[in-house]
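Asks:
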Amino acid sequence: MLRAFKNSVATVLAVVCLSGLSARSDDIPTLDVNPVCRGIAMQGELEAGLQQTSFQQCVQSEQSVREEVKKEWSTFSTADKTHCVALAKTGGESSYTELITCMEMARDVRKLHENANSLPEQNIPPAPVGHRQPTSR
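With this note's numbering applied, the sequence shown corresponds to residues -15 to 121, in that order.
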């Protein structure tokens, strides 16, 4: 019984370690876009008035976005890549569109924070009504 437990623990640890190797942030992930494209194609067929997107059109669009991700991959931080890849793979419907949107938003928010931190406090525009005024750190 103890031997079986040790073997199962060793197997789990090996799987965890190996999966970590293939998910390095330097590697552009390979996402399975088929489930999300099936859903998009089905939704277009079911709802009147929506522009119909075929499964093939969706897959082609996702592959185009993947090429865009390839071009920009090195410009994103390791933390953003790691976070956004995990997010894109959550829920079983992976999408390169979701991945690049996540990484672009994270990068842009970081730039906004850097720019705000470099402004003298008197040059910070007033916060919109109902929002807290930003302060320098």
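Note that the Cβ used here is the ideal one computed from N, Cα and C, for glycine as well. Predicted model, so just to flag it, every value in this text is computed and none were measured.
Less than 8 Å between the CB atoms is what I'm expecting for E82 and A72, so what's the real figure, rounded?
Replies: The Cβ separation is near 5 Å, so the contact holds.
Asks: Between the beta-carbon of A19 and the beta-carbon of E77, is there less than 8 Å?
Replies: It should be noted that the sequence gives Pro, not Ala, for residue 19. Result yes, Cβ atoms of P19 and E77 sit closer than 8 Å.
Asks: For F60, which residues from the same chain have a beta carbon less than 7 Å from its beta carbon, with the 5 sequence-adjacent residues on both sides left out?
Replies: So the list reads M87 and R91, once near-sequence residues are dropped.
Asks: Please go through the same chain and pick out, in chain order, the residues whose beta-carbon is closer than 6 Å to the beta-carbon of A7, but skip the five residues on each side of it.
Replies: Model confidence at A7 stands at a pLDDT of 43, short of 50, so the residue's coordinates are unreliable and nothing is read from them.
Asks: Decide if C46 is buried, meaning its Cβ has at least 16 other Cβ atoms within 10 Å, or exposed.
Replies: The identity of residue 46 in the sequence shown is Glu, whereas the question assumes Cys. E46 should be labelled buried.
Asks: What number of angstroms, rounded off, separates the C-alpha of C68 from the C-alpha of R22?
Replies: Cα to Cα, the separation comes out at about 22 Å.
Asks: Can you check whether the CB of A25 is closer than 8 Å to the CB of C42?
Replies: Yes, the pair counts as a contact, with Cβ atoms nearer than the cut-off.
Asks: Considering V49, what are the terminal residues of the alpha helix (DSSP H) in which it resides?
Replies: F39 to E56 is the extent of the alpha helix (DSSP H) around V49.
Asks: For T112 and Q40, what's the separation of their Cα atoms in angstroms?
Replies: Looking at the sequence itself, residue 112 is Pro, so the reference to Thr does not match. Each residue's Cα considered, the two are about 44 Å apart.
Asks: Going by DSSP in three states, R116 sits in which element: helix, strand or coil?
Replies: R116: coil per DSSP, three-state reduction.
Asks: Secondary structure at V17, three-state DSSP: helix, strand or coil?
Replies: Three-state result, V17: coil.
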